[in-house]
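K.L.:
Starting off with a structure, shown below.
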Amino acid sequence: MASVTDFEQGQEFTVEAGGRRVSLELSAVTPIAASPRPGGGFSLMFRGPRETPLPQATYRFTGTSGAHDIFIVPVAADATGRLYEAVFN
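Just so we're aligned, residue 133 is where the sequence shown starts under my numbering, counting upward by one.
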C-alpha cells in the first residue's frame with residue numbers, strides 16, 4: 133500500500149496513456165489529518181503538459197520510488213500545464 137513517505141514534491145513520474153509516455157511532476161504532497169486510512173491519508177497534485185490531457189483513470193506511475201498504480205482526476209489547466217489530483221484516504 134502506498135504511503136506518504138513514498139512521494140516527494142518535485143519527483144518526476146512517467147505514465148503511459150494511449151501508447152504515449154507522458155511526464156508528470158509531483159507538485160504537492162498534502163497529509164490528510166483526519167483520515168481513517170491506516171498510516172494516514174494524503175493527497176498528491178501532479179502537473180503535466182497542457183498539450184497532452186489525461187482523462188480521469190488509473191495509470192501506472194513509474195519514477196525513482198518505483199511503480200505505483202494511481203487513480204488521478206484532472207482538476208485544472210492553465211497556460212503552463214494541467215493539474216491532476218490523487219487522494220489516498
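Using N, Cα and C, we set each Cβ at its ideal position, and we do this for glycine too.
Given a threshold of 16 other Cβ atoms within 10 Å of its Cβ, counted over all protein chains shown, does Gly-198 qualify as buried or as exposed?
P.N.:
Start at 1 with the first residue of the sequence shown, and residue 198 comes out as number 66. So Gly-198 counts as exposed.
K.L.:
According to the Cβ coordinates, are Phe-220 and Arg-169 closer than 9 Å?
P.N.:
Within the sequence shown, numbered from 1, the residue matching residue 220 stands at position 88. Within the sequence shown, numbered from 1, the residue matching residue 169 stands at position 37. Going by C-beta atoms, Phe-220 is nearer than 9 Å to Arg-169.
K.L.:
Alpha carbon to alpha carbon, how far is Ala-206 from Arg-152?
P.N.:
Within the sequence shown, the letter at position 74 stands for residue 206. Within the sequence shown, the letter at position 20 stands for residue 152. Note that residue 206 is Pro in the sequence shown here, rather than Ala. For Pro-206 and Arg-152, the distance between alpha carbons rounds to 18 Å.
K.L.:
Going by DSSP, what residue range makes up the beta strand (DSSP E) through Ala-189?
P.N.:
By 1-based counting over the sequence shown, the position of residue 189 is 57. That run of the beta strand (DSSP E) goes 189–195.
K.L.:
What are the partner residues of Val-219, as DSSP defines its beta bridges?
P.N.:
Taking the sequence shown and counting its residues from 1, one reaches residue 219 at position 87. Per DSSP, Ser-175.
K.L.:
Could you give the C-beta distance for Leu-156 and Arg-179, rounded to a whole number, given that I count them as a contact under 8 Å?
P.N.:
Taking the first residue of the sequence shown as 1, we reach residue 156 at position 24. Taking the first residue of the sequence shown as 1, we reach residue 179 at position 47. Yes, Leu-156 and Arg-179 are in contact; Cβ-Cβ is about 7 Å, under 8 Å.
K.L.:
Can you tell me where the beta strand (DSSP E) with Thr-184 in it begins and where it stops?
P.N.:
Mapped onto the sequence shown, residue 184 falls at position 52. It is not in any beta strand (DSSP E) - Thr-184 carries neither H nor E in the DSSP assignment.
K.L.:
According to DSSP, is Thr-137 part of a helix, a strand, or is it coil?
P.N.:
The count along the sequence shown starts at 1 and reaches residue 137 at position 5. DSSP places Thr-137 in helix when its eight states are reduced to three.
K.L.:
Answer with buried or exposed for Arg-182, where buried requires no fewer than 16 other C-beta atoms within 10 angstroms of its C-beta.
P.N.:
In the sequence shown, counting from the first residue as 1, residue 182 sits at position 50. Exposed, by the Cβ-count rule.
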